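First up is the structure itself, then whatever we jot down about it.
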Amino acid sequence: MPPDVLLSDGRPRTWTARVRCKDGDHTLDLTHREVVAERLLRTSRKHSFDPDVDVDWDAPQDPDTFYLPPQLVSIYETPLWDGLTHRRRVELSKREMCSIASFGIWSEMLLMQSLVMHAYRHRYDSDHVAYALTEIADECRHSKMFGRMVRTCGLRTHRPRAPEFHFAKVFGAVYDPMPMFAGTLVVEEFTDAFQRLTFPDEDVQPMIRQVTRIHVIEEVRHIKYAREELKRLVAKLPAVRRRMAAYGLAQATRLTSAQVIHPSCYEAVGLDPTLARRVAARSPHRRETLAWAFRKCTAFFDEVGFLDGRARGVWVRAGLLKP
Ligand SMILES: [Fe+2]
Ligand SMILES: [Fe+2]
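Oh and the sequence shown: position 93 is 149 in our numbering, straight run, nothing missing.
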């Protein structure tokens, strides 16, 4: 056996596991926690940002320039969108961008809390814990960056609705790594897809492009960490626990994805928020966009048996996955 196949303590660096799903068996390639963490720490050392100095917060904001590519605005290609002036469309793009950022801060706070609980339970001198702490530091900077971005846009952040806010306050304090890492992927892969279209777009506000670029670069490793940990967990736990977590996650995703855009965004441009939310939920373009934004996440969930059982139907009915 070549020496690089084993860690210094004799454990294998990589191995494979089998996950049995209704649609057949899936083979997962697993990598030792320490090997993954060591690579992620190396990348973190090379590619980390300080948003306080790496973003030009004083960049002028042209009132006719979008804050989010228009095709990512919730009511794009609907009669409501057609009825808005250019300035109002820009205003709606700004409000939606800031609403997504507010949702991002809320979910990053929950993630930071979970990562502390995760690190607490592992060996403190391991690279796995060192990386968890590095990710907490990244998310700390991100949440501050998003808060500053919203303020620089002249707006205020939103809290989620009371049911989501209080539910997460209570259940977020319980350590359960499977829903924690799967939930992390839902939020990170969705925002990543939106931001990957935003930062290279020359027709978007420069300050927003800088913020989203930093976030995309730093989130790549968070996604890797969560994916690798979720694979290790599903390989070990009984299928029934995996299915329960997958179903709970599908329902939570359905409920929270409908709340990402705060109703006040629509009110601010003179639209009825109830009507606008309904129009967005039924819009073929919006459903297509959300299924596209979740595509990497759902493909991965399929691979690890997280769309198994009743979970798949929930994703499809919510318009987040193509049938
Ligand atoms: Fe983040
Ligand atoms: Fe993250």
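Don't be surprised by glycine CBs; every beta carbon is placed ideally from N, CA and C. Everything numeric in this text was worked out from a predicted model, so none of it was measured.
Three-state secondary structure assigned by DSSP to residue i
i: residue 335; result: helix
i: residue 291; result: helix
i: residue 113; result: coil
i: residue 93; result: helix
i: residue 351; result: helix
i: residue 154; result: helix
i: residue 69; result: coil
i: residue 105; result: coil
i: residue 255; result: coil
i: residue 260; result: strand
i: residue 59; result: Model confidence at residue 59 stands at a pLDDT of 47, short of 50, so the residue's coordinates are unreliable and nothing is read from them.
i: residue 230; result: coil
Nearest-angstrom Cα separation, counted from residue j out to residue i
i: residue 179; j: residue 90; result: 11 angstroms
i: residue 348; j: residue 216; result: 24 angstroms
i: residue 253; j: residue 77; result: 34 angstroms
i: residue 112; j: residue 321; result: 25 angstroms
i: residue 59; j: residue 227; result: In this predicted model, residue 59 has a pLDDT of only 47, less than 50, meaning its place in the structure is not dependable; the value taken from the coordinates is given anyway. If you take the alpha carbons of residue 59 and residue 227, they lie about 44 angstroms apart.
i: residue 205; j: residue 82; result: 42 angstroms
i: residue 381; j: residue 192; result: Summary: the structure shown does not reach residue 381, with the chain confined to residues 57 through 379, and so no result is reported for it.
i: residue 57; j: residue 88; result: Below a pLDDT of 50, predicted positions are generally treated as unreliable, and residue 57, at 42, falls in that range; no measurement from the model is reported.
i: residue 122; j: residue 177; result: 45 angstroms
i: residue 332; j: residue 244; result: 26 angstroms
i: residue 362; j: residue 303; result: 8 angstroms
i: residue 259; j: residue 125; result: 8 angstroms
i: residue 285; j: residue 325; result: 43 angstroms
i: residue 211; j: residue 294; result: 47 angstroms
Anticipated Cβ contact below 8 angstroms, residue i with residue j, distance rounded
i: residue 354; j: residue 371; result: 6 angstroms
i: residue 86; j: residue 291; result: 6 angstroms
Any non-hydrogen atom of ligand 2 closer than 8 angstroms to residue i Cβ
i: residue 240; result: yes
i: residue 258; result: no
i: residue 90; result: no
i: residue 359; result: no
i: residue 274; result: yes
i: residue 167; result: yes
i: residue 103; result: no
Extent of the continuous beta strand (DSSP E) to which residue i belongs
i: residue 86; result: 80–87
Residue i CB to nearest heavy atom of ligand 1 below 8 angstroms
i: residue 195; result: yes
i: residue 17; result: Because the chain here runs from 57 to 379, residue 17 falls outside it and cannot be looked at.
Residue range of the unbroken alpha helix (DSSP H) whose run includes residue i
i: residue 200; result: 183–208
i: residue 226; result: 218–227
i: residue 327; result: No alpha helix (DSSP H) contains residue 327, which DSSP labels as neither H nor E.
i: residue 370; result: 367–373
i: residue 138; result: 135–138
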